[in-house]
Amino acid sequence: MVLVIGTGGAGLRAAIELAEAGVDVLAVGKRPRDDAHTVLAAGGINAALGTMDPEDSWQQHAADTLKESYLLADARTVELVTRGAARGIDDLERYGMQFARESDGRISQRYFGAHSFRRTAFAGDYTGLEIQRTLVRRAEQLGVPVLDGVYITRLLVHDGAVFGAYGFDLTDGTRHLIHADAVILAAGGHTRIWRRTSSRRDENTGDSFRLAVEAGARLRDPELVQFHPSGLIAPENAAGTLVSEAARGEGGILRNASGDRFMTRYDPDRMELSTRDRVALASYTEIQEGRGTPGGGVWLDVTHLPRQTVMTRLPRVYQQLMELQMLDITREPIEIAPTAHYSMGGVLVRPDDHGTDVRGLYAIGEAASGLHGANRLGGNSLIELLVLGRITGQAAAAHALSLTAQFRSAAAVARARREIDDLLTADGPENVRALQRALRTTMTEHAGVVRDEEGLRAGLAELDEIEERMGSVGVHPDIAGYQDLAHAFDLKSAVLAARATLEAALERRETRGCHNRSDYPDPDPALRVNLVWSPADGITRESVPDIPEEISALMREVSTRGKLVE
1 MVLVIGTGGA GLRAAIELAE AGVDVLAVGK RPRDDAHTVL AAGGINAALG
51 TMDPEDSWQQ HAADTLKESY LLADARTVEL VTRGAARGID DLERYGMQFA
101 RESDGRISQR YFGAHSFRRT AFAGDYTGLE IQRTLVRRAE QLGVPVLDGV
151 YITRLLVHDG AVFGAYGFDL TDGTRHLIHA DAVILAAGGH TRIWRRTSSR
201 RDENTGDSFR LAVEAGARLR DPELVQFHPS GLIAPENAAG TLVSEAARGE
251 GGILRNASGD RFMTRYDPDR MELSTRDRVA LASYTEIQEG RGTPGGGVWL
301 DVTHLPRQTV MTRLPRVYQQ LMELQMLDIT REPIEIAPTA HYSMGGVLVR
351 PDDHGTDVRG LYAIGEAASG LHGANRLGGN SLIELLVLGR ITGQAAAAHA
401 LSLTAQFRSA AAVARARREI DDLLTADGPE NVRALQRALR TTMTEHAGVV
451 RDEEGLRAGL AELDEIEERM GSVGVHPDIA GYQDLAHAFD LKSAVLAARA
501 TLEAALERRE TRGCHNRSDY PDPDPALRVN LVWSPADGIT RESVPDIPEE
551 ISALMREVST RGKLVE
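With the first letter of the sequence shown counted as 1, position 421 gets the number 421 in the numbering used here; the numbers rise by one all the way through.
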């Protein structure tokens, strides 16, 4: 049996592949499967189908991806994803997904930033939601057992091989001991460790990172995190919620507190249509230099657009602001700030099967690393789930079927059980959620859009203090459920992910893609390497594989005129 941890797009696609191959599979998620993080992806999914631009090819898609990665992506991973992208779309069609189409029946494709051709397929502005619905429906057709509301706390390992996982039910605390021949980690990234993030409260808390590392795997490039330029500031419980980039694409203007259109100083040619990292950096600079709004942000202004344009082209943005702030965006500007959005680093995996250092353990989706390097090409995250979910499902199936016996460890199970017992009896004065907030403040202030040596070292010192205070926490489940215990494990994951991020950001003394070092403003050719982190060894440098000549020959500057760049 293969265990899949995470029931978003990556986990479900892997589970489907396993079920279609006749292998027993169990998918476990802490969120309801219908509301996994994948549903938040709006823009589209990439594949060089050539429906709009016949001259497109997987090789050009690969070249665009590698160039946008600032040459840190793994070329083999990129090849696998871009070669397999068309099949990924075919799979979704086979499962019944409805894509937007041209009048003659062709799948519609549109430009996303830094793409040479139109290769982003979509379903309105809810592509991720439609993909998730499609995968849930297919999993149900295949009879894939899915456990919602189960929190996995530890992977079970004996002699370097995984043999299952341990966890608890979020509602009633029931323990789950799951024996498995292979485990696929698809539980997301670590962007929730910042104060403003596009992830919801119980998503992307670094679960995958901690589970993998404590099992014996390593992390690659955890410092490479994409900050989206337009996250809401208020209300506090929705801080970081994305305002669609369509608002800028339709002509929205960014202004500082004085009403100045500040992008004229940062990218006078592309203005608000500049790259995510550049717009985020511009907004951050305005705020840091005292030109921010009262709430610590900048203004996104669409009030100059005709009301009809807003209502027909930006209906979700209009509705979102009315619901969250009772704000009529046709009359008043939106207060926004950069928000942590996507983990481009993650668990170190082999490109061909996404296996880790631990036998039988695999990682995919935002949990893993290799495809995106220092900047993610817009629309690539959704196709990654489809292609690598399929490939990893096949690899996990082959591994499981190859075993003639499986060795287990009673000590490993006892350790996992004791870890929960110790927290449930913890009755110290420290509040878990207060420590979570302290950690998010530390990461926001010292490892946000712009970093420097002094700030990163200060962040590590604050992290030491938070870790010390964790020894005195109190955990108190109540009639509503075991969320407090879940928060305690979220904190464990967040602290590990934060340490990896801070130490790697300190080591990467350069500016490259999403990683801005104010004390090292230029890229360093010697740092065109992957930084690999583990608690035992700290940071090691690994060379990035060479890019095949047929791909490197296609790498070029892509025109951005009139296009929103992601």
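Cβ coordinates follow ideal geometry from the N, Cα and C atoms, glycine included.
Sixteen is the threshold: when 16 or more other Cβ atoms of the shown chains lie within 10 Å of the Cβ of Phe122, as they do, the residue is buried.
Counting only runs of 4+ residues, the alpha helix (DSSP H) found wholly inside the segment 425-495 occupies 432-446 and 453-470, in chain order. By the Cβ neighbour-count rule, Glu557 is exposed, with fewer than 16 other Cβ atoms within 10 Å of its own. Comparing alpha-carbon positions, the option among Ala161, Arg440 and Gly474 lying closest to Arg408 turns out to be Ala161. In the three-state reduction of the DSSP assignment, Ala337 falls in the strand class. Assignment of Ala363 by DSSP, reduced to helix, strand and coil, places it in the strand class.
Spanning the alpha carbons of Arg261 and Arg528 requires a straight line of approximately 35 Å. Shown here, Pro229 sits in a strand according to DSSP, grouped into three states. In the DSSP assignment, Thr303 falls outside any alpha helix (DSSP H), carrying neither H nor E. Residue pairing from DSSP places Tyr342 in a beta bridge opposite Gln226.
Excluding residues up to 5 positions away in sequence, Gly43, Gly44, Ile45, Asn46, Phe112 and Thr120 lie with their Cβ nearer than 7 Å to the Cβ of Gly379 in the same chain. The secondary-structure analysis by DSSP pairs His190 with nothing; it has no beta-bridge partner.
In terms of Cβ geometry, Gly173 and Thr153 do not form a close pair [threshold 8 Å]. Between Arg291 and Ala337, the CB-CB gap reaches or exceeds 8 Å. In the structure shown, Ser534 adopts extended strand secondary structure according to DSSP, grouped into three states. Counting other Cβ atoms within 10 Å of its Cβ, Ile479 stays below 16 and is therefore classed as exposed. A residue is called buried when at least 16 other Cβ atoms come within 10 angstroms of its Cβ; His304 does not meet this threshold and is exposed. The continuous stretches of beta strand (DSSP E) do not include Arg278, which lies in the alpha helix (DSSP H) extending over residues Arg276 to Gln288.
Bounds of the beta strand (DSSP E) holding Arg255 are Ile253 to Arg255.
Residue pairing of Arg154 in beta bridges, as defined by DSSP: Tyr166.
Taking the Cβ atoms as the reference, Val213 lies roughly 32 Å from Ser230, outside the contact range of under 8 Å. Between the segment 300-320 and the segment 346-355 there are fewer than three inter-stretch CB-CB distances shorter than 8 Å, so the stretches are not counted as touching. At the C-beta level, Leu388 and His354 come within 8 Å of one another.
Per DSSP, the unbroken alpha helix (DSSP H) holding Gly249 starts and ends at Ala246 to Gly249. By the Cβ rule, the segment 176-196 counts as touching the segment 435-442, because three or more pairs are nearer than 8 Å.
Distance from the CA atom of Ala186 to the CA atom of Gln394, rounded to whole angstroms, is 15 Å. Straight across, the Cα-Cα distance linking Asp301 with Asp421 is about 52 Å.
Excluding sequence positions up to five before and after Gly206, its CB lies within less than 7 Å of the CB of His190, Ile193, Ser493, Ala494, Leu496 and Ala497, all in the same chain and listed in chain order. Val150 has its alpha-carbon roughly 18 Å from the corresponding atom of Val475. Ile233 is not a Cβ neighbour of Glu323, given a cutoff of 8 Å.
A residue is called buried when at least 16 other Cβ atoms come within 10 angstroms of its Cβ; Arg451 meets this threshold and is buried.
A direct Cα-to-Cα measurement between Arg265 and Ile287 gives close to 14 Å. C-alpha of Asp91 to C-alpha of Ala398: approximately 21 Å in a straight line. Judged by their CB atoms, Ala14 and Ile184 are nearer to each other than the 8 Å cut-off. Between the C-alpha atoms of Arg276 and Ala36 there is a straight-line separation of about 24 Å.
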